[in-house]
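Colleague:
Residue numbers (our numbering): 1 to 269.
#1: Out of 196, 18, 97, 51, state which residue places its alpha-carbon closest to the alpha-carbon of residue 211.
#2: Report all residues from its chain with a CB closer than 7 Å to the CB of residue 258; omit the five preceding and five following residues, and keep chain order.
#3: Once the 5 residues before and after residue 137 are set aside, which same chain residues still bring their CB inside 8 Å of it?
#4: Would you tell me roughly how many angstroms separate the C-alpha atoms of residue 175 and residue 55, rounded to the nearest one?
#5: In the DSSP assignment, what residue or residues form a beta bridge with residue 205?
#6: List the DSSP bridge partners of residue 48.
#7: Quick check: what's the CA-CA separation for residue 39 versus residue 67?
#8: The alpha helix (DSSP H) that contains residue 108, what's its start and end?
#9: At least one CB of chain D closer than 8 Å to the CB of residue 134: is that the case?
#10: Assign residue 236 to buried or exposed, taking buried as 16 or more other Cβ atoms, counted over all protein chains shown, within 10 Å of its Cβ.
#11: I need the straight-line Cα distance from residue 151 to residue 213, nearest angstrom please.
#12: Can you give the Cα-Cα distance for residue 118 and residue 14, rounded to whole angstroms?
#13: Could you say if the region 46-53 and the region 106-118 meet the contact criterion of at least three C-beta pairs nearer than 8 Å?
#14: Does the distance from the CB of residue 205 to the CB of residue 127 come in under 8 Å?
#15: Residue 179 by DSSP, collapsed to three states: which one?
#16: According to DSSP, is residue 194 part of a helix, a strand, or is it coil?
#17: Would you kindly check if the distance between the Cβ of residue 200 and the Cβ of residue 125 is under 8 Å?
#18: Report the three-state DSSP secondary structure of residue 17 (helix, strand or coil).
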């Protein structure tokens, strides 16, 4: 079937980016709170998305995390914990762009001021053998959610002030932290050779499933979101792949998160 060069798929039609949504996160949470008899109360000002759930499982197993009694989301549980003297909230297993942004919307209307995402990722360019981290400065928009927040473009970007804030703050961490681009996909099992070669031509370091949408949300909503890729695998193409390190990489990730939070807090009034 031939497609007209003027054809626009539904995802690019009728997007009025300056119009408010009739369905709002605060209204959903209000009704969830009523139905579930959950009291009003705050979430921590710094929250974490942990798509793999390894950090959450580690914190719960080591008795460091407790359920937040005020979180009214229909789909997830929010845990409170403290690390390096900083109070955090964390949600596990919100995988993919649409789920991550749904949770981000709910967190920010509930009192979150900084959201940090640490997602596992597959290696695209051979920077070094995994595991390592990437501070995602730009994310290739090969998913759907970002197009509901920003007009079409190739990339979503980390806020420039946040990027400047994080310059050279990770040099003393045990696991290397690089800065660069990732590819955000909705379809991990459609990472074809042609698609990977295209990503490599863009100097993309890794492929993940949330960052482009989270950065588009952050720009549109004027919220602080910082995304990291924890590069742990070569897409299952080598033996012994997907190894994160001690405690499934949780300790390294928590050190990264605490460093990020300390720098951000030091710049708050």
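Each residue gets a CB set at the ideal place from its N, CA and C atoms; glycine is no exception.
Modeller: From the atom records:
#1: If we check each option's Cα against that of residue 211, 97 comes out closest.
#2: The answer, listed in chain order, is 83, 84, 86.
#3: Cβ within range, chain order: 157, 158, 163, 179, 180, 181.
#4: Inter-residue distance for residue 175 and residue 55 is about 16 Å (C-alpha atoms, whole angstroms).
#5: Note: residue 205 sits in no beta bridge, so no partner.
#6: Per DSSP, 90, 116.
#7: If I take the Cα positions, the gap works out to 14 Å.
#8: Taken as a continuous stretch (DSSP letters only), the alpha helix (DSSP H) holding residue 108 covers 97-109.
#9: Checking the listed chains, one finds no chain D in this structure; it contains a single protein chain.
#10: Caution is warranted here: a pLDDT of 49 is assigned to residue 236, below 50, making its placement in the model unreliable, and no coordinate value can be reported.
#11: Just so you know, the alpha carbons of residue 151 and residue 213 end up roughly 12 Å apart.
#12: Rounded to whole angstroms, residue 118 and residue 14 show a C-alpha spacing of 33 Å.
#13: Contact holds between the region 46-53 and the region 106-118, because three or more Cβ pairs, one in each stretch, are under 8 Å apart.
#14: It is a contact, given that the beta carbons lie within the stated cut-off.
#15: Three-state DSSP puts residue 179 in a strand.
#16: Residue 194: helix per DSSP, three-state reduction.
#17: At a Cβ-Cβ threshold of 8 Å, residue 125 and residue 200 count as neighbours.
#18: In the three-state scheme derived from DSSP, where H, G and I count as helix and E and B as strand, residue 17 is classed as coil.
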